[in-house]
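Asks: Residue numbers (the working numbering): 419 to 672.
What follows is a single structure, and I will ask about it in a moment.
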């Protein structure tokens, strides 16, 4: 282990996100639905996929994309060909049929009123289980009426990357999904509309840290109080997030 990694690990109490106790489930139903719905979508969908070789075929992975439509998670799953677990707001679990579908496919209910801690713990469970986690760093679907649609990223993506520094984070640019199925305007997908899913080269927290942070700075944090450490780490998280959002933009996110 390098000196930089040792210095980072010495700060573990300040950055480690503990996984929730919930078990990731839904494999059998997930496989069935992915095969049936996936085949249906692939037949009808005009989807161009770029860079899928950048998606690890197995192991813990974070798939991070821009967010313009309710269908974005489905398109990422279809294009990446990974079993991907998304955090979904609790409103999607109030309808019995929809809730059954969400749970059967391993999607995770998150109550926004309890704050971001629960969501991050649930997300950590996915990574701890060596699964693929799908997230939208913007934190919500962009409702801007004109381009650029990409919002500032929330730092949750950086906190997860920092807590699992070996896990690759893949930037994904989605184009055309807003016209494919625009919320509050289109009741059904418009399959004649072309969509594009582009996967960029993955980035790990270790790779970012080695380029952006000096060893002496990290080692010095071990002698500071908790508030000072938290302040410095918050700066790291913001810088990582901003850089990663530019990577998403670089993959064509409008």
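Think of the CB as a built atom: it goes at the ideal place given N, C-alpha and C, for glycine as much as any other residue.
1. Ignore the nearest five residues each way along the sequence and tell me which others in residue 593's own chain have a CB closer than 7 Å to its CB.
2. Report yes if the CB atom of residue 506 is closer than 8 Å to the CB atom of residue 520, and no otherwise.
3. Is the separation between the beta-carbon of residue 568 and that of residue 484 shorter than 8 Å?
4. Based on DSSP bridge pairs, tell me the residues matched to residue 591.
5. Pull the bridge partners of residue 550 from the DSSP assignment, please.
6. Under three-state DSSP, which class holds residue 436?
7. If you count every other CB in all the chains shown that lies within 10 Å of the CB of residue 427, and 16 or more means buried, which is it?
8. For residue 465, does the three-state DSSP call read helix, strand or coil?
9. Could you tell me which of 432, 625 and 466 sits nearest to residue 641, measuring between CA atoms?
10. Given a cut-off of 8 Å, decide if residue 478 and residue 545 are closer than it, judged by their beta-carbon atoms.
11. Quick check: the Cα distance between residue 586 and residue 526, rounded to an integer number of angstroms?
12. Rounded to a whole number of angstroms, what is the C-alpha to C-alpha distance between residue 663 and residue 453?
13. For residue 636, which residues in the same chain have their Cβ closer than 7 Å to its Cβ, ignoring the five residues on either side in sequence?
14. Give the straight-line distance between the Cα atoms of residue 475 and residue 590, rounded to the nearest whole angstrom.
15. Between which residues of its own chain and residue 595 is the CB-CB distance below 7 Å, once the five residues before and five after are set aside?
16. Which same chain residues, not among the five before or five after residue 633, have their C-beta less than 7 Å away from its C-beta?
17. Apply the 10 Å Cβ neighbour rule to residue 560 and answer buried if 16 or more other Cβ atoms are within range, or exposed otherwise.
18. Could you work out which residue in 537, 580, 639 and 667 is closest to residue 565 when comparing CA atoms only?
19. What three-state label does DSSP hand residue 507 in the structure shown?
20. For residue 572, count the other beta carbons within 10 Å of its own beta carbon; 16 or more makes it buried, fewer makes it exposed. Which is it?
21. From residue 619 to residue 473, what distance separates their C-alpha atoms?
22. Helix, strand or coil for residue 543? Go by DSSP, reduced to three states.
23. Under the three-state reduction of DSSP, which class applies to residue 527: helix, strand or coil?
24. Which partner residues does residue 621 have in the DSSP bridge list?
25. Hey, could you find the ends of the alpha helix (DSSP H) residue 427 is sitting in?
Replies: By the coordinates alone:
1. Excluding residues within five positions, the ones whose Cβ falls inside 7 Å are 613, 614, 670 and 672.
2. A contact, by the Cβ cut-off of 8 Å.
3. Yes, the pair counts as a contact, with Cβ atoms nearer than the cut-off.
4. 616.
5. Note: residue 550 sits in a beta bridge opposite 479 and 502.
6. Looking at residue 436 - three-state DSSP - the assignment turns out to be coil, as it is neither helix nor strand.
7. Residue 427 comes out exposed.
8. It is a strand residue.
9. The candidate whose alpha carbon is nearest that of residue 641 is 432.
10. Their beta carbons are under 8 Å apart, which means residue 545 touches residue 478 by this criterion.
11. If you take the alpha carbons of residue 586 and residue 526, they lie about 21 Å apart.
12. If you take the alpha carbons of residue 663 and residue 453, they lie about 32 Å apart.
13. Only 422, 425 and 426 meet the Cβ criterion.
14. If you draw a straight line from the Cα of residue 475 to the Cα of residue 590, it comes to about 16 Å.
15. If we look at residue 595 and ignore the five residues flanking it on each side, its Cβ neighbours are 486, 487, 489, 490, 493 and 613.
16. The answer, listed in chain order, is 421, 422 and 425.
17. Per the 10 Å Cβ criterion, buried.
18. Residue 667 is the option with its Cα nearest to residue 565.
19. Residue 507: strand per DSSP, three-state reduction.
20. It is buried - the Cβ of residue 572 has at least 16 other Cβ atoms within 10 Å.
21. Answer to the nearest angstrom: the Cα atoms are 8 Å apart.
22. Correct three-state label for residue 543: helix.
23. Strand, per DSSP.
24. Looking at the DSSP assignment, residue 621 forms a beta bridge with 587.
25. 421-427 is the extent of the alpha helix (DSSP H) around residue 427.
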